[in-house]
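Here's the structure, in structure tokens; my notes come after.
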Amino acid sequence: MIKTYVKKFVILVLYCFFCTPLSGQKVGVNSEHIFPPQGQHVHGSSIVELPNGDLLACWFQGSGERTANDVLIRGTRLKKGESNWSETFVLADTPNHPDCNPVLFIDVNQKLYLYWIVVQAARWESSILKYRTSSDYLEDDAPNWDWQEIILLKPDSKFENTIKEKFESMSPRNLAWAEYAPRYEKMIWESAKEPKKKETGWMTRIHPTVLSNGRIILPLYSDGFNMSLVGISDDQGKTWSPSLPIVGYGNIQPSIVQKEDGSLVAFMRDNGDAPGRVLVSTSKDMGYSWSTSEKMEIPNPGASIETIKLKNGDWIMVYNDTEEGRHNLAVNLSEDEGKTWPWKRYLEKDETKIGSFSYPSMIQSNDGQIHITYSHHIKKSKTIKHVAFPSKWIKASNRKKM
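Take 2 as the starting number for the sequence shown in this note's numbering and just add one per residue.
This is the structure we're talking about:
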């Protein structure tokens, strides 16, 4: 018993000594746990600013992920001018099914949306895409929902044809293939022909992007196909159609930014071959078709990222800057629409590699502050952390990223 307590004390001391969280940085940066650390699995947070200046955050919570039927979506609110988040509340709970990957969104009519997935048969690729809306969410801590529906996507024959054509145009991966084993590309292409497979399992993770023409782009990905596409709505989210797939080797969870020339850039998690790098793809037709994904120089350990465009035109990316592990969480800043990312600072940097800090969700509020929520796990102590800082903090160290 004594040895166990000593071991826990040593781990805590090492963490405090080696980790450099945001709360230890200069004045002007705020951070706090949204709720006290506890033992249940909490992950996949999302944050949004409400029209009155309140912040609303959500995440999924339970005894696991896709195989745990008690997983549900929880939320909390930080009222403008206050420093403490409200008591947590349930935002969505499908009985006897895991609810995961929630995404919050406010449309141009100030309607609140919650997108998420319900997992069937304990398999990500069997997930159902759902959403609910609220126009009554400013008075009480928890929104009062007035509509709920599922989103059905029906990729046509262009889906599988695009996969085949893009794979054929890509450079070979220099992997050894057995004569009797089907190639990865062929397996994906054959699966893409099956209506059931290509119409289900598209999952949320990152905030939607509203384009200059009013189109809403909902980033989606599939663990079955190990690639991404986007949901497209030209009627304020009433109906959705699928884009062509973003083809590549393990490009998932896209975060999409629109450039000044109208083209789109999708930055994605790398679930493919080593070395792990952020993957990138572009679209020149408002999100319908996409270039094959390519690796950037920015490292990625197979973890979610998010990139947003600031009011001054700069871009910020929050990500794990490692090839393995999620013990570091950093923010990069680009002043040239993602061509270069010379500025970097850390939100978390754990030399002991004990902690896991991941799946960030990021917004810029009306007052210019950057707000990020992310999973904050130290052994069995798990919570969602919120940090807020001005964008100039990233440059405040006067050090460019090496």
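Glycine included, C-beta positions come from ideal geometry on N, C-alpha and C.
Keep in mind the model is a prediction, meaning the values are calculated, not measured.
By the neighbour-count definition (other C-beta atoms within 10 Å, threshold 16), ASP100 is a buried residue. An exposed status is given to HIS34, since fewer than 16 other beta-carbon atoms sit within 10 Å of its beta-carbon. With a cutoff of 8 Å on beta-carbon distance, LEU113 and PRO103 are scored as not near each other.
Beta-bridge partners assigned by DSSP to GLN365: ILE371. Secondary structure at ASN31: strand, using DSSP grouped into helix, strand and coil.
Beta-bridge annotation (DSSP): SER357 is paired with HIS378.
From the listed residues GLN365, ASP286, LYS296, the smallest Cα separation to SER244 is found for ASP286.
MET228 is a Cβ neighbour of ILE253, given a cutoff of 8 Å. Straight across, the Cα-Cα distance linking THR134 with TRP146 is about 6 Å. PHE36 is positioned such that its CB atom lies closer than 8 Å to that of THR89. The beta-carbon distance between TYR250 and ARG174, rounded to whole angstroms, is 7 Å. This is short enough to meet the 8 Å contact definition. Within the model, the alpha-carbon separation for SER158 versus LYS194 is close to 8 Å.
Taking 8 Å as the cut-off, the Cβ atoms of HIS372 and ALA397 do not count as close. Using a 10 angstroms sphere on the CB of GLY356, the tally of other CB atoms reaches 16 or more, which defines it as buried.
Assignment of beta-bridge partners to GLN62 by DSSP yields VAL43, LEU73.
If you check the CB distance, GLY369 and LYS312 come in under 8 Å. Pairing THR374 with ILE74 gives a Cβ-Cβ distance that is not under 8 Å. The three-state secondary structure of ALA193, taken from DSSP, is helix. In this structure, the straight-line span from the alpha carbon of LEU219 to that of LEU51 is close to 19 Å.
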